[in-house]
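Student:
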Amino acid sequence: MSVLVLLAACTSQAGGGVPAADQTDPDLPPVRIASGAETETRVLAHTMLALLELQGLSAELAAFGDARDSRQALELGDVDLRTGYTGEAWLETLERADPPGDPQASFVAVRDHDAEQGIKWLAPRLGDGGLDAPPANATFAFVVLGGDATDDLRTISDLARRLSEQPDALVCVDQEFGTRVDGLRAVLEAYSVRSGREFLAADPEEAVRGVAAGDCLAGLTTATDGVVWQAGMRPLIDDLRVFPAFVPLPQIRVDLLEDRPTVGVALGPMAAQLTTALLGTWNARVLAGEPVEQVADEAARELLRRAGRTLPDAEPPT
804 MSVLVLLAAC TSQAGGGVPA ADQTDPDLPP VRIASGAETE TRVLAHTMLA
854 LLELQGLSAE LAAFGDARDS RQALELGDVD LRTGYTGEAW LETLERADPP
904 GDPQASFVAV RDHDAEQGIK WLAPRLGDGG LDAPPANATF AFVVLGGDAT
954 DDLRTISDLA RRLSEQPDAL VCVDQEFGTR VDGLRAVLEA YSVRSGREFL
1004 AADPEEAVRG VAAGDCLAGL TTATDGVVWQ AGMRPLIDDL RVFPAFVPLP
1054 QIRVDLLEDR PTVGVALGPM AAQLTTALLG TWNARVLAGE PVEQVADEAA
1104 RELLRRAGRT LPDAEPPT
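With this note's numbering applied, the sequence shown corresponds to residues 804 to 1121, in that order.
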């Protein structure tokens, strides 16, 4: 199935205590982190900033308008690190179609390619593919209301059974995705659902509203969409891995890691401990109006806690 259709629609764990702060040259320039305009990009960039600062490293953010610009800046050395998404890199950097749904396969391909470009992807810790287990996967997802009426819906296979039992139940998906052979039809066929069923045309924002209003049983957006988590909705697990893996991971210039290996150690918990549920919840908090800096500081501390590292004392509120 072509992920480009969906893109158009939706647009080494380390344990022990926190290592000592970087004791190299105190006059070293700050580590430059690429950030972006989207909520999730900002959350992840600020979380990396917080992890570095908790490590005792000086760091700063550099804002970019889109992912291609930040990728180019990383290649040129204008920034030292950024968040990369495996599926996005498969499409944009490898220039290959149909990114795999398997997070490991997606990661290995982009890791090996970028190693030759002087860029290192920190390795994720692969869990069971659930929302609360690493790695985070910001891929496309059908979302449903929380509550008793949908308590039996946890996976797309569960949704497929419900759709088979309720022929009149609708899903809200993007118009183009819904009408293309390699779009909704391919997903339904993979899950053994009649592929010619009706759907409600809706962009991701409209799809979430449609689910909330009861107009559709499920809507298509992304698994880490903050609006979904803010509304108490639940992304369904793509148990057959039909959708491509979009695992967010730190991408770091190798020359920086050679000079300052502590950077990789500091960011390890983000690669190893980040989950879909954590990222979606943090996105929701920022969308609700919480300062991204505050959310990111708490996010960094949660990642450190999950990694079994000793937490630095929190600074008293001002």
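Cβ coordinates follow ideal geometry from the N, Cα and C atoms, glycine included.
Let me know if D1041 comes out buried or exposed under the rule of 16 or more other beta-carbons within 10 Å of its beta-carbon.
Tutor: On the sequence shown, position 238 is the one that residue 1041 refers to. So D1041 counts as buried.
Student: Using 10 angstroms around the beta-carbon of G1029, count the other beta-carbons present and answer buried if the total reaches 16, otherwise exposed.
Tutor: In the sequence shown, the residue the question calls residue 1029 occupies position 226. When all chains shown are included, G1029 counts as buried.
Student: Does the distance from the C-beta atom of R1012 to that of S998 stay below 8 Å?
Tutor: In the sequence shown, residue 1012 corresponds to position 209, counting from 1. In the sequence shown, residue 998 corresponds to position 195, counting from 1. No. Outside cutoff.
Student: So within the segment 933-981, which uninterrupted beta strand (DSSP E) runs reach at least 3 residues, ignoring any that extend past its ends?
Tutor: For the segment 933-981, whole beta strand (DSSP E) runs of length 3 or above, ordered along the chain, are 943-947 and 974-976.
Student: From this set, L860, V974 and V882, which residue's C-alpha is nearest L1023's C-alpha?
Tutor: As a position in the sequence shown, residue 1023 is number 220, starting the count at 1. That would be V974, whose Cα lies nearest to the Cα of L1023.
Student: Just reading off the alpha helix (DSSP H) that R1056 is part of, what are its end residues?
Tutor: Your numbering for residue 1056 matches position 253 in the sequence shown. Looking at the DSSP string, R1056 is not in any alpha helix (DSSP H); the run it does join, the beta strand (DSSP E), is P1051 to R1056.
Student: Sorted by chain position, which residues of the same chain lie with C-beta nearer than 7 Å to V1035's C-beta, five sequence neighbours on each side aside?
Tutor: The residue given as residue 1035 occupies position 232 in the sequence shown. In the sequence as presented, Val is not what sits at residue 1035; that position holds Gly. Within the same chain, G1035 has close Cβ partners G949.
Student: Can you give me the start and stop residues for the beta strand (DSSP E) that T1027 sits inside?
Tutor: The residue given as residue 1027 occupies position 224 in the sequence shown. Element bounds for T1027: n/a, residue is neither H nor E.
Student: Using only the alpha-carbon positions, how far apart do N940 and R957 sit?
Tutor: If you number the sequence shown from 1, residue 940 lands on position 137. If you number the sequence shown from 1, residue 957 lands on position 154. Computed Cα separation, rounded: 16 Å.
Student: At the level of alpha carbons, what is the spacing between D883 and F910?
Tutor: Residue mapping note: residue 883 aligns to position 80 of the sequence shown, counting from 1. Residue mapping note: residue 910 aligns to position 107 of the sequence shown, counting from 1. C-alpha separation (whole angstroms): 20 Å.
Student: Could you please give me the residues that DSSP links to W924 through a beta bridge?
Tutor: As a working mapping, residue 924 is identified with position 121 in the sequence shown. DSSP output for W924 lists Q1054 as bridge partner(s).
Student: So is W866 buried or exposed if we call it buried at 16+ other beta carbons inside 10 Å?
Tutor: One-based indexing of the sequence shown puts residue 866 at position 63. This sequence places Ala at residue 866; Trp is not what is there. Classification of A866: exposed, given that the 10 Å Cβ count is below 16.
Student: Quick one, which of E968, A1021 and R964 has its alpha-carbon nearest D977's?
Tutor: In the sequence shown, counting from the first residue as 1, residue 977 sits at position 174. Closest by alpha carbon: A1021.
Student: Excluding the five sequence neighbours on either side, which residues of its own chain have a C-beta within less than 8 Å of the C-beta of E960, listed in chain order?
Tutor: As a first step, residue 960 must be located in the sequence shown, where it is residue number 157. As written in the sequence, residue 960 is Ser, which differs from the Glu given in the question. The answer, listed in chain order, is Y994, D1042 and L1043.
Student: State buried or exposed for E843, treating a residue as buried only when at least 16 other CB atoms are found within 10 Å of its CB.
Tutor: For the purposes of this step, residue 843 is identified with residue 40 of the sequence shown, where counting begins at 1. Classification of E843: buried, given that the 10 Å Cβ count is 16 or more.
Student: Using only alpha-carbon positions, find the residue among L852, E898 and I836 that is nearest to Q1097.
Tutor: One-based indexing of the sequence shown puts residue 1097 at position 294. It is L852.
Student: Any chance you could list the alpha helix (DSSP H) runs of at least 4 consecutive residues sitting entirely within the segment 987-1017, in chain order?
Tutor: DSSP runs (the alpha helix (DSSP H)) wholly in the segment 987-1017: 987-993 and 1007-1016.
Student: With C-beta atoms as the reference, is G1068 less than 8 Å away from L860?
Tutor: Stepping through the sequence shown from its first residue, residue 1068 is reached at position 265. Stepping through the sequence shown from its first residue, residue 860 is reached at position 57. Inspection of the sequence shows that residue 1068 is occupied by Val rather than by Gly. Contact flag unset, no.
Student: Could you tell me which residues DSSP puts in a beta bridge with G887?
Tutor: Counting from 1 along the sequence shown, the entry for residue 887 is found at position 84. G887 is bridged to L1052.
Student: Check for me: the beta strand (DSSP E) holding A862 runs from which residue to which?
Tutor: For the purposes of this step, residue 862 is identified with residue 59 of the sequence shown, where counting begins at 1. Residues A862 to A866.
Student: Since Q1054 and L877 are thought to touch, with beta carbons under 8 Å apart, how far apart are those beta carbons, to the nearest angstrom?
Tutor: What you label residue 1054 is simply residue 251 of the sequence shown in a count that begins at 1. What you label residue 877 is simply residue 74 of the sequence shown in a count that begins at 1. Going by Cβ atoms, the distance from Q1054 to L877 rounds to 6 Å, so yes, they are a contact pair.
Student: State the CB to CB distance for the pair T886 and A1103, rounded to an integer number of angstroms; the pair is presumed to be in contact (CB under 8 Å).
Tutor: Working through the sequence shown from its first residue, we reach residue 886 at position 83. Working through the sequence shown from its first residue, we reach residue 1103 at position 300. That belief does not hold up - the Cβ atoms of T886 and A1103 are roughly 14 Å apart, past 8 Å.
Student: Please report the residue range of the beta strand (DSSP E) in which A837 lies.
Tutor: On the sequence shown, position 34 is the one that residue 837 refers to. Element bounds for A837: V834 to S838.
Student: I'd like the span of the alpha helix (DSSP H) that includes L1090, first residue to last.
Tutor: Sequence index remark: in the sequence shown, residue 1090 carries index 287 (1-based). That run of the alpha helix (DSSP H) goes T1079 to L1090.
Student: Could you tell me how far apart the beta carbons of C1019 and L1003 are, in whole angstroms, since I believe they sit closer than 8 Å?
Tutor: By 1-based counting over the sequence shown, the position of residue 1019 is 216. By 1-based counting over the sequence shown, the position of residue 1003 is 200. Confirmed, Cβ separation roughly 5 Å.
Student: I'd like to check one pair, A1075 with R928: are the Cβ atoms closer than 8 Å?
Tutor: Along the sequence shown, read from residue 1 onward, the residue named residue 928 stands at position 125. Along the sequence shown, read from residue 1 onward, the residue named residue 1075 stands at position 272. Cβ distance < 8 Å, so R928 and A1075 count as in contact.
Student: Just reading off the alpha helix (DSSP H) that P1072 is part of, what are its end residues?
Tutor: Against the sequence shown, residue 1072 aligns to sequence position 269. Run containing P1072: T1065 to Q1076, per the alpha helix (DSSP H) assignment.
Student: So, L1077 versus L1114, is the Cβ gap smaller than 8 Å?
Tutor: By one-based count along the sequence shown, residue 1077 stands at place 274. By one-based count along the sequence shown, residue 1114 stands at place 311. Going by C-beta atoms, L1077 is not nearer than 8 Å to L1114.
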